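Colleague: Here's a structure for you.
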Amino acid sequence: MSAAWVSTHWPAMLSAATHARQAAKSAVPPKFEFFSPEQAVEIEAVSARIIPTTDTPGAREAGVVFFIDRALVTFGKANQKLYAEGLPGLQARVHEMFPGTEKFSAATSEQQDDILESLDERHAGGRGRPFRPSSAAQTFFETIRVDTISGFLIDPASDKRGNRDGVGWKVIGRDDAHMFQPPFGYYDKDYPGWQPNPTDADKTKS
Amino acid sequence: MKPEQPKYKTSEEVDFVIIGSGAAGGILAKELSGNGYRVVVLEQGPYLTEKDFVHDEIKVLNQDLLTNHPELQPNTFRKTPDEKAKPQRALVYGRLVGGTSVHFTANFWRFHEIDFTEHTRFGPAASAAMADWPITYADLEPYYTKVEWEIGVSGQAGASPFDPPRSKPYPMPPLPVKSGGVLFERAARKLGWHPFPAPMAILSQPRPGRSACVNCGFCLGFGCEVGAKSSSLATAIRMAEKTGRCEIRPNSYVHRIEVDANGRATGAVYFDEKRNVQRQKAKAVVVCANGAETPRLLLLSANKQFPNGLANSSGMVGKHLMLNSGAIATGVFEHPLNDYKGFAVSRILHDFYELDPEKVGFRGGGGLDARFDLTPISMALGSLPPDTPRWGKGFKDVLSHNFTRTVEIFCHGTSLPVENNSFSLDPDLKDAWGLPALRMTYKDHPDDLKLCTWLSARATELLDAAGAQKMWAPPVQEQQFAVHLLGTCRMGKDPKSSVINSDHQTHDVKNLFLCDGSSLVTSGRGQPTMTIEALAFRAADRITALAKRGDLSA
Numbered sequence: 013m014s015a016a017w018v019s020t021h022w023p024a025m026l027s028a029a030t031h032a033r034q035a036a037k038s039a040v041p042p043k044f045e046f047f048s049p050e051q052a053v054e055i056e057a058v059s060a061r062i063i064p065t066t067d068t069p070g071a072r073e074a075g076v077v078f079f080i081d082r083a084l085v086t087f088g089k090a091n092q093k094l095y096a097e098g099l100p101g102l103q104a105r106v107h108e109m110f111p112g113t114e115k116f117s118a119a120t121s122e123q124q125d126d127i128l129e130s131l132d133e134r135h136a137g138g139r140g141r142p143f144r145p146s147s148a149a150q151t152f153f154e155t156i157r158v159d160t161i162s163g164f165l166i167d168p169a170s171d172k173r174g175n176r177d178g179v180g181w182k183v184i185g186r187d188d189a190h191m192f193q194p195p196f197g198y199y200d201k202d203y204p205g206w207q208p209n210p211t212d213a214d215k216t217k218s
Numbered sequence: 003m004k005p006e007q008p009k010y011k012t013s014e015e016v017d018f019v020i021i022g023s024g025a026a027g028g029i030l031a032k033e034l035s036g037n038g039y040r041v042v043v044l045e046q047g048p049y050l051t052e053k054d055f056v057h058d059e060i061k062v063l064n065q066d067l068l069t070n071h072p073e074l075q076p077n078t079f080r081k082t083p084d085e086k087a088k089p090q091r092a093l094v095y096g097r098l099v100g101g102t103s104v105h106f107t108a109n110f111w112r113f114h115e116i117d118f119t120e121h122t123r124f125g126p127a128a129s130a131a132m133a134d135w136p137i138t139y140a141d142l143e144p145y146y147t148k149v150e151w152e153i154g155v156s157g158q159a160g161a162s163p164f165d166p167p168r169s170k171p172y173p174m175p176p177l178p179v180k181s182g183g184v185l186f187e188r189a190a191r192k193l194g195w196h197p198f199p200a201p202m203a204i205l206s207q208p209r210p211g212r213s214a215c216v217n218c219g220f221c222l223g224f225g226c227e228v229g230a231k232s233s234s235l236a237t238a239i240r241m242a243e244k245t246g247r248c249e250i251r252p253n254s255y256v257h258r259i260e261v262d263a264n265g266r267a268t269g270a271v272y273f274d275e276k277r278n279v280q281r282q283k284a285k286a287v288v289v290c291a292n293g294a295e296t297p298r299l300l301l302l303s304a305n306k307q308f309p310n311g312l313a314n315s316s317g318m319v320g321k322h323l324m325l326n327s328g329a330i331a332t333g334v335f336e337h338p339l340n341d342y343k344g345f346a347v348s349r350i351l352h353d354f355y356e357l358d359p360e361k362v363g364f365r366g367g368g369g370l371d372a373r374f375d376l377t378p379i380s381m382a383l384g385s386l387p388p389d390t391p392r393w394g395k396g397f398k399d400v401l402s403h404n405f406t407r408t409v410e411i412f413c414h415g416t417s418l419p420v421e422n423n424s425f426s427l428d429p430d431l432k433d434a435w436g437l438p439a440l441r442m443t444y445k446d447h448p449d450d451l452k453l454c455t456w457l458s459a460r461a462t463e464l465l466d467a468a469g470a471q472k473m474w475a476p477p478v479q480e481q482q483f484a485v486h487l488l489g490t491c492r493m494g495k496d497p498k499s500s501v502i503n504s505d506h507q508t509h510d511v512k513n514l515f516l517c518d519g520s521s522l523v524t525s526g527r528g529q530p531t532m533t534i535e536a537l538a539f540r541a542a543d544r545i546t547a548l549a550k551r552g553d554l555s556a
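Chains as they are written, first to last, in the working numbering: chain A, 13 to 218; chain B, 3 to 556.
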């Protein structure tokens, strides 16, 4: 790859991204901007069942709760009420299903899954092409589901406080780079180069 | 760096005011200013540049950094004219300098001869308003070549036996093949089809001031940080600015074209960034605002002389909307493809471009491509197998396995022109500036749905032949969302059934020209931008010839 391959814009962008990553790493433990510490514990517990920690990191390690917290004071302000009312609703559901358990974060993983199952109305929304309108109902669970997935997978170089240290991308196998060269994957690594189609093409119209 | 631009006074009568700076507007600005004319381009969106193009999916996709905003410019949708339209996001387009060409996939197929002469070749189609173009492929061929060389298109001439004739090879080789492309190529050949390297408006080799593609993987929906995507922003707009005669005026939302007592256009009225009303005077007006906003602007410009909307004596403004039909089949393979790296499409095929209606039982045709145009969040929320759990360990396991192993087969096809399918003004809903909102009326022609179902079956055959371990294809549904905005001010010889002539001049107003997706008479097989740009180069020649003859002066 020749030096001319890379435009003048690119190094600047890479350096900005690197700077953002380092800033994110070196920062003192971030403060919450919307949630109280108690609320944050509950939100993190919910997110950790949506993308659980297994043999690979989950929503907890990706700092998804910080992403949601930042969202609620920036681009996701419209959802403040949904979260503010959703949390007591969650609490009520915990008491209803598991009397004696004080809060969601105190329940066992199995109980937590049962509680979330009861809140998941399985709307068909959320599937579709980018830009296609989503019919996802604005329920608390659907919102936190989408927010958790978004916070797990957002570009770690963004200002959204999600995907801490790029762990979400590691989990799905996306290299945290923005410049690649072929071969890209398993099936193109031994590609012999373009060979013309057989010449007997008689333009058969099906 | 933006070159120095002239600053024209709004009271100064410039030669041309061009409304819209996208695929067509950018090229017309470049050509007309290059031919010595004073040009003002009014663009409703902001002037963003490479430094603004980030990979933050929330900012770019969810918050419409580059696109029309559903809260500022809401719209309504209905299937048929007897229904009351409901508020619903029905369309997306690029709303910034460069327009939709900034964020598109960059598939750059030429139309074939059949697209221009389908009506004569096969005759009328039930409930469709079929028509031939007043120009042919041969008329447009030199301009297709001009697009490839001036704007920058990568491809392999002669690789598809179905390609129409061309006067010159591509200016640069195709982009590298992706794993999904290799699987597509092998499987298609096994089936006796003729895959070939996708022609893409993305640089495989650097050009002055622009990098070759660095394969970042944030392509469809995103602006290119290195100028490799051949958007109008990275190409024609920059060239127009270099002439020293073209002013690009962003944040200028045109809502009326004014005419004098003789029925000649005198300029454009717009809201500036502070929502103050401004009037730019011009000798001639060229509207390149896209297949939705161009007819809307004509309808908004109705007056006593033109009670049904400007240049609408035919009543055809806004009608014959075509979106291109489409279907998707998705496959998951044993080993990582890593198709998230790079541009979206590396292999396509055109074996089904011309289908025999007698044999298949419907009109139309299409093409297939192998693509991965997904980014991490959009993949996780939208493109996992339908039986995937929505959350929890099961969800995480499928997502982790599939992200690197997925490829999609996209089917692109014709939309037949139907008069009722249209953009019009909503009688109730207003945008944030108080203007009537766009109302979309659309119901796919039955043949479009049959075509999609037929192509979807071919896509599934292909994935099967490629050895996919899992595959699925959602059932074909009627469309309610528009990306390709075509046919709404169609070109034609007859002023009673078309809006513009083959010079892109409106039949009714001699110094008013329209050039964008709205000019198309047929939809092509799925990738219209190349044709829109070729038309723009040709329109610039035609308009210049008329101007030289003095036909545009009062």
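Glycine included, C-beta positions come from ideal geometry on N, C-alpha and C.
Only a predicted model underlies this, so the values are computations on that prediction, with no experimental measurement involved.
Can you list, in chain order, the residues of its chain whose CB lies under 6 Å from that of Pro208(A), leaving out five sequence neighbours each side?
Modeller: Nothing listed; no residue qualifies.
Colleague: Indicate the three-state DSSP secondary structure (helix, strand or coil) for Gly368(B) in the structure shown.
Modeller: DSSP places Gly368(B) in strand when its eight states are reduced to three.
Colleague: List the residues of chain A whose Cβ lies closer than 7 Å to the Cβ of Leu185(B), in chain order.
Modeller: The contacting residues are Tyr199.
Colleague: Leaving aside the five residues before and after Asp126(A) along the sequence, list all residues of the same chain whose C-beta is less than 7 Å from its C-beta, in chain order.
Modeller: Met109, listed in sequence order.
Colleague: Once you ignore the five residues that flank Leu522(B) on each side, which residues in its own chain have a CB closer than 6 Å to its CB?
Modeller: Taken in chain order, the residues that qualify are Leu488, Gly489.
Colleague: To the nearest angstrom, how far is the alpha carbon of Gln90(B) from that of His486(B)?
Modeller: Looking at the two C-alpha atoms, the distance is approximately 17 Å.
Colleague: Go ahead and pull the three-state DSSP assignment for Thr443(B).
Modeller: Thr443(B): strand per DSSP, three-state reduction.
Colleague: Chain E partners of Lys395(B), CB-CB under 7 Å?
Modeller: Note that chain E does not occur in the displayed structure, where the protein chains are A and B.
Colleague: What residues in its chain sit with their C-beta under 6 Å from that of Tyr139(B), if we drop five residues either side in the sequence?
Modeller: Cβ within range, chain order: Glu115, Phe118, Pro166.
Colleague: Are the Cβ atoms of Arg173(A) and Gly75(A) separated by less than 8 Å?
Modeller: Yes, these two residues count as a Cβ contact at 8 Å.
Colleague: Should Pro194(A) be flagged as near chain B, meaning a C-beta pair shorter than 8 Å?
Modeller: Closer than 8 Å: yes.
Colleague: Look at the alpha carbon of Tyr95(B) and the alpha carbon of Thr102(B), and state the distance between them as a whole number of angstroms.
Modeller: Each residue's Cα considered, the two are about 5 Å apart.
Colleague: Short of 7 Å in beta carbon distance, which residues of its chain neighbour Asp188(A), apart from the five on each side in sequence? Order them along the chain.
Modeller: Excluding positions up to five away in sequence, the list reads Pro168, Gly178, Trp181.
Colleague: Within 10 angstroms of its Cβ, does Pro210(B) collect 16 or more other Cβ (buried), or is it exposed?
Modeller: Exposed, by the Cβ-count rule.
Colleague: Give me the Cα-Cα distance between Leu370(B) and Gly197(A), rounded to the nearest whole angstrom.
Modeller: The straight-line gap from Cα to Cα measures roughly 22 Å.
Colleague: Using DSSP with H/G/I as helix, E/B as strand and the rest coil, what is Glu410(B)?
Modeller: Glu410(B) falls in the strand class under three-state DSSP.
Colleague: With a CB to CB cut of under 6 Å and the five nearest residues on each side skipped, what residues in its chain are close to Leu222(B)?
Modeller: Only Thr107, Ala346, Asp375 meet the Cβ criterion.
Colleague: Cβ of Pro208(A) less than 8 Å from any chain B Cβ?
Modeller: Closer than 8 Å to some Cβ of chain B, the Cβ of Pro208(A) qualifies, so yes.
Colleague: Look at the alpha carbon of Asn340(B) and the alpha carbon of Val85(A), and state the distance between them as a whole number of angstroms.
Modeller: The straight-line gap from Cα to Cα measures roughly 35 Å.
Colleague: Less than 8 Å separating the beta-carbons of Lys452(B) and Gly320(B)?
Modeller: No, these two residues do not count as a Cβ contact at 8 Å.
Colleague: Return helix, strand or coil for Phe186(B), following the three-state DSSP convention.
Modeller: Helix.
Colleague: Determine whether the Cβ of Leu554(B) lies closer than 8 Å to any Cβ atom of chain A.
Modeller: Leu554(B) does not count as touching chain A.
Colleague: Would Ala331(B) and Met174(B) qualify as a contact pair, given that the criterion is a beta-carbon distance under 8 Å?
Modeller: It is not a contact, given that the beta carbons lie outside the stated cut-off.
Colleague: Excluding the 5 residues preceding and the 5 following Pro163(B) in the sequence, name in chain order all residues of the same chain whose CB lies nearer than 8 Å to its CB.
Modeller: The answer, listed in chain order, is His196.
Colleague: I'd like to know whether the C-beta of Tyr95(A) is nearer than 8 Å to at least one C-beta of chain B.
Modeller: It does not: the Cβ of Tyr95(A) has no partner Cβ on chain B nearer than 8 Å.
Colleague: Pull up the distance between the alpha-carbon of Lys201(A) and that of Pro477(B), whole angstroms please.
Modeller: One C-alpha to the other measures close to 34 Å.
Colleague: Terminal residues of the continuous beta strand (DSSP E) containing Lys77(B)?
Modeller: The sequence shown places Asn at residue 77(B), rather than the Lys named in the question. 77-80 is the span of the beta strand (DSSP E), which, as asked, contains Asn77(B).
Colleague: Just the chain A side, please: which residues come within less than 7 Å of Gly561(B) by C-beta, in chain order?
Modeller: One cannot answer for residue 561(B) here, as it falls past the ends of chain B, which runs 3 to 556.
Colleague: Assuming the contact rule is C-beta atoms closer than 8 Å, Val53(A) and Ser117(A) should be a hit. Round their C-beta distance to whole Å, please.
Modeller: With a Cβ gap of about 5 Å, Val53(A) and Ser117(A) count as contacting.
Colleague: Does Gly98(A) have its Cβ less than 8 Å from a Cβ in chain B?
Modeller: No, Gly98(A) lies away from the interface with chain B (no Cβ there is under 8 Å from its Cβ).
Colleague: Identify every residue that forms a DSSP beta bridge with Pro89(B).
Modeller: In DSSP, Pro89(B) forms a bridge with Thr78(B).
Colleague: In chain A, which residues lie less than 8 Å from Thr406(B) when you measure between Cβ atoms?
Modeller: Going along chain A in sequence order, the residues near Thr406(B) (Cβ under 8 Å) are Ile184, Gly185, Arg186, Gly197.
Colleague: Going straight from the alpha carbon of Ser59(A) to that of Asp159(A), what length do you get?
Modeller: So the alpha carbons of these two residues sit roughly 9 Å apart.
Colleague: Enumerate in chain order the residues of its own chain whose CB-to-CB distance from Ala57(A) is below 6 Å, with the five nearest sequence positions on each side excluded.
Modeller: Hits under 6 Å: Phe116, Ser117.
Colleague: Does DSSP put Cys248(B) in a helix, in a strand, or in coil?
Modeller: Strand, per DSSP.
Colleague: So with Cβ pairs under 8 Å, would you call Leu102(A) a contact of chain B?
Modeller: Chain B, which has no Cβ nearer than 8 Å to the Cβ of Leu102(A), makes this no.
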